[in-house]
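*Asks:* At position 328 of the sequence shown the residue is numbered 328 (UniProt numbering), and the sequence of numbers has no breaks.
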Amino acid sequence: MSNLTNYDGNSGFYIVTSKGDDNNNSRAQSSSGTETPSDVENKYPEIKLNKQFILCLLRRLVLAFSVRVNVNNIFNKSVGSDTLSVIHGLKSISIAWVILGHTCLVAFKYSDNMEYRKVVHKEFMFQTILNGTYSVDTFFFTSGLLVSFLYFRTNAKGKLDHPITSKIGGFTSGFIHFIGLIVYRFARLTAPYLFVIGVVEVTMKWFRYNSVFEPPTLDHINCPNYWWRNVLYINTLFPVNEMCMLWSWYLSDDTQFYIVGAVLLILAVSHFKSAASLLLFFVLSSWLTTGYIAFSNSHMPGSDDPLALFDKIYDKPWTRLGPYLIGMCVGWLLFKTKCQIKMSKLAVIVGWFLSSATLLALVYGLYEVNLTPLAGAAYSALSHSVWAMGLAWIVVACTTGYGGYVNKLLSASVLYPFSRLTYCAYLLHPIALRVMVMSMDQPLHLGKAVMPVLFLGQVVASFALALAVSISFEGPSVSMLRILTKLTHSKERTN
C-alpha cells in the first residue's frame, strides 16, 4: 500500500502517515526488521531536507554571534538599506554633542573650583553646552524620519504583507501588524539595555561604599527597585527621583513615540487624511501643553538652567513629541518624491540660509537675552520643533542633490561606524564618565585645557565600550531578528 508524508507547518516537521491494510503493514515490518534512521531518510527524502533546513537555520543563528561578522557589519562602508547616508552624519555629531554636555555636567559636579562654571557660563561659546538639549531632538527627528520612510517604502514593495495578516484583513490585521512592530523594536533594543542596567547597578553599589565621592544619582537604589520601568520603557511616566539611569529618559520617550508613530503609519496606509489630521492634532497638543507648563512655572529659557524643569518639561513625552512627528513628515515626503525634488538655485540659497540661521539662532540666540513670560513659554513650546524643521531642510537638500559640501561631510563613510554604535555609546558614556571621576581620590581642578582632554578621552572610551557591547548584544539581536522575520514569512507562504 502507499505511504504519504505530510508537512506540519506549525511544528516545522514532516509527519509520516500510511494507509492500507494494517496486517500487511505489520507483516512487511516484521519481515524487513526495524528501520534505521538512514533507511527512513532514504525512504522519505523530505525528512532529510527538513533536518538540513534546521541545521542551516541553527548555523545562521549561531553566526549571528560571530565577532568577525558583527565587526564587518559595523565597519561596512555601504550606507545600508535601513537608513540614508546623511543620517549617519547627523547621528554621529549628535552623540558627540551629548557626550560633550554630560562631560561638562559631571566635571563641574566633581571639581574643586565650581566657581569656574560661573566664569565660563558667561562666555558666548558656552551656549553650545547650555543648549546641548537639541542634540536629543536630532535623535528624535532622525528616528521618526527613518521609521516613516522605511515603512512606506517597504509597504510599497509589498514586503509588509505577511501571509497571516493578509488572510485576516481589517482591524484585526492592523492590530497584529502593530503588535509585530512593537515586539520587533523591543527585541532589538532590550538586550544591550538590560546588560547596561545590570552594569550600572553593580558599579554604583560598589562606588557607593568604595569611592570618596557620593554617586551623582541614586541608581544603586532605584535600579534594583524600578528596573522594570526601564524595560517596559515607561520610566518617564514616574517621578524623576525614582528613575534608574537618568539618561535613559530618551529611550523611554523614543519608544513611546515609536508606538504613536506605528499607529499613525498603519492608519495612513488605508486612511491617509485621518492619519495626517491625527498627527497635526498631536503636534499642536504638544505645543500647547509645553507652553502652558512653561508659563505656569515661570520658566525662562536662556536664563534658567535647561534642566530646571526636568520632571515637568525636559523628559516628558508629551513635551518632546514634535521633532519625532516632523521627522515622520519628512520621511513621507522623501518616499513620495523618491528623493527627487527639483529646486531653483534661488530656492536652494534661501533654504540653506533660513536653515542655518534658524539652527544657529536656537543655539546662540538667547545669549544675554531676557524674555518675557509669554515669550519664554512660546519659545519653550516651539523651539524643539523649529530645530527639527531646520534639520528637515538639511536632510531634504542632501538627499535630493542640493547638499554640496555639507552632504559630503555628513555622508562621509568614516562616520558610518560611529553612527552604528550610537545607541550603545549613548547607553554607556555616562558609565565611563562616572567610573573616571569616582575612581579619583581628589576632585578635578577645571581649566580651559582640561575640558577638551576629558571630552576626547570620554569619546574614545565610550565608543570602545560601545563596540564591545554592540558586538556582544546589539549585533546578534539584529541579525537573529532578520533571520527569524524572513523565516516566518517563508514558512507561512509555504503553508
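Glycine included, C-beta positions come from ideal geometry on N, C-alpha and C.
With burial defined as no fewer than 16 other Cβ atoms inside 10 Å of the residue's Cβ, what is the status of S274: buried or exposed?
*Replies:* So S274 counts as exposed.
*Asks:* Apply the 10 Å Cβ neighbour rule to S30 and answer buried if 16 or more other Cβ atoms are within range, or exposed otherwise.
*Replies:* Summary for S30: the model assigns pLDDT 42, below 50, so the residue's position carries little reliability; its value from the coordinates is reported in the next sentence. Looking at its Cβ environment, which holds fewer than 16 other Cβ atoms inside 10 Å, S30 is exposed.
*Asks:* Can you tell me where the alpha helix (DSSP H) with S277 in it begins and where it stops?
*Replies:* Element bounds for S277: 272-296.
*Asks:* Please tell me whether S477 and A187 are closer than 8 Å, where the distance is taken between their beta carbons.
*Replies:* Cβ distance < 8 Å, so S477 and A187 count as in contact.
*Asks:* Measure the alpha-carbon distance for G390 versus P323 and round it to whole angstroms.
*Replies:* Approximately 10 Å between the Cα atoms of the pair.
*Asks:* Decide if S298 is buried, meaning its Cβ has at least 16 other Cβ atoms within 10 Å, or exposed.
*Replies:* Looking at its Cβ environment, which holds fewer than 16 other Cβ atoms inside 10 Å, S298 is exposed.
*Asks:* Going by the CB atoms, is the gap between P317 and T190 shorter than 8 Å?
*Replies:* No.
*Asks:* Just checking my contact of P306 with G376 at CB under 8 Å: how many whole Å lie between their CB atoms?
*Replies:* In fact, because the Cβ distance is near 13 Å, the residues do not count as touching under 8 Å.
*Asks:* Using the beta-carbon count (16 or more within 10 Å), is R59 buried or exposed?
*Replies:* Exposed: under 16 other Cβ atoms inside 10 Å.
*Asks:* Classify F140: buried if its beta carbon has 16 or more other beta carbons within 10 angstroms, exposed otherwise.
*Replies:* The residue in question, F140, is buried, as its Cβ has 16 or more Cβ neighbours within 10 Å.
*Asks:* Just the Cα atoms here: how many angstroms apart are V406 and T400?
*Replies:* Looking at the two C-alpha atoms, the distance is approximately 13 Å.
*Asks:* Closer than 7 Å by C-beta to S85: which residues in its own chain qualify, once you throw out the five before and the five after it? Chain order, please.
*Replies:* Excluding sequence neighbours, S85 sits near V79, S411.
*Asks:* Excluding five sequence neighbours on each side, which residues of the same chain lie with their C-beta closer than 7 Å to the C-beta of M114?
*Replies:* F108.
*Asks:* Tell me whether S78 sits in a helix, a strand or coil according to DSSP, three-state version.
*Replies:* Here S78 sits in coil by DSSP.
*Asks:* From G365 to D441, what does the alpha carbon distance come to, in whole angstroms?
*Replies:* Approximately 40 Å, taken between the alpha carbons.
*Asks:* Name the residue from G351, F295, Y402, I197 whose alpha carbon lies nearest to the alpha carbon of C339.
*Replies:* Closest option to C339, Cα to Cα, is Y402.
*Asks:* Cα separation between I394 and L382?
*Replies:* Distance between the alpha carbons of I394 and L382: 19 Å.
*Asks:* Counting Cβ pairs, one atom from each stretch, are 3 or more of them under 8 Å apart for the segment 207-220 and the segment 429-448?
*Replies:* Yes: at least three Cβ pairs fall under 8 Å.
*Asks:* Given this structure, state the Cα-to-Cα distance separating F353 from T142, to the nearest angstrom.
*Replies:* Near 21 Å, if we compare the C-alpha coordinates of T142 and F353.
*Asks:* Identify every run of the alpha helix (DSSP H) within the segment 305-352, keeping only runs that are complete inside it and at least 4 residues long; order them along the chain.
*Replies:* With a minimum length of 4 residues, the continuous alpha helix (DSSP H) runs that stay inside the segment 305-352 are 317-337.
*Asks:* What number of angstroms, rounded off, separates the C-alpha of S462 from the C-alpha of A425?
*Replies:* Cα to Cα, the separation comes out at about 5 Å.
*Asks:* Return the chain-ordered ranges of every alpha helix (DSSP H) run that is complete within the segment 75-159 and spans a minimum of 4 residues.
*Replies:* Entirely contained in the segment 75-159, the alpha helix (DSSP H) runs reaching 4 residues are, in chain order, 85-109, 115-121, 127-130, 134-156.
*Asks:* Grab the span of the alpha helix (DSSP H) containing Q458 for me, first residue to last.
*Replies:* 450-469 is the span of the alpha helix (DSSP H), which, as asked, contains Q458.
*Asks:* Look up L360 in the DSSP assignment and say whether it is helix, strand or coil.
*Replies:* Three-state result, L360: helix.
*Asks:* List the DSSP bridge partners of L444.
*Replies:* DSSP, once it has assigned bridges, lists S111 as partnering L444.
*Asks:* Are the CB atoms of G144 and G331 nearer to each other than 8 Å?
*Replies:* Against a cut-off of 8 Å, the Cβ pair of G331 and G144 comes out as a contact.
*Asks:* Kindly indicate which three-state DSSP category G475 falls into: helix, strand or coil?
*Replies:* Helix.
*Asks:* Please state if the CB of G89 and the CB of L421 are separated by a distance shorter than 8 Å.
*Replies:* No. Outside cutoff.
*Asks:* Could you tell me the distance, in whole angstroms, from the CA atom of A464 to the CA atom of P417?
*Replies:* Looking at the two C-alpha atoms, the distance is approximately 12 Å.
*Asks:* Note down, in chain order, each residue of its chain lying with its Cβ closer than 7 Å to the Cβ of L371, except the 5 sequence neighbours on either side.
*Replies:* Only M300, P301, G302, Y379 meet the Cβ criterion.
*Asks:* Can you tell me where the alpha helix (DSSP H) with T399 in it begins and where it stops?
*Replies:* Looking at the DSSP string, the run of the alpha helix (DSSP H) that includes T399 is 373-399.
*Asks:* Check the C-beta distance from A388 over to G351 and give it rounded, since I have them as a contact under 8 Å.
*Replies:* Between G351 and A388 the Cβ distance is about 15 Å, and since that is not below 8 Å, they are no contact.
*Asks:* Report the three-state DSSP secondary structure of I221 (helix, strand or coil).
*Replies:* Three-state DSSP puts I221 in a helix.
*Asks:* Let me know the secondary structure DSSP gives P215 once reduced to three states.
*Replies:* Coil at P215, not helix or strand.
*Asks:* If we call anything under 8 Å between Cβ atoms a contact, is L428 one with Y193?
*Replies:* No.
*Asks:* Output the distance between the C-alpha atoms of Y250 and S439, rounded to the nearest integer angstrom.
*Replies:* So the alpha carbons of these two residues sit roughly 27 Å apart.
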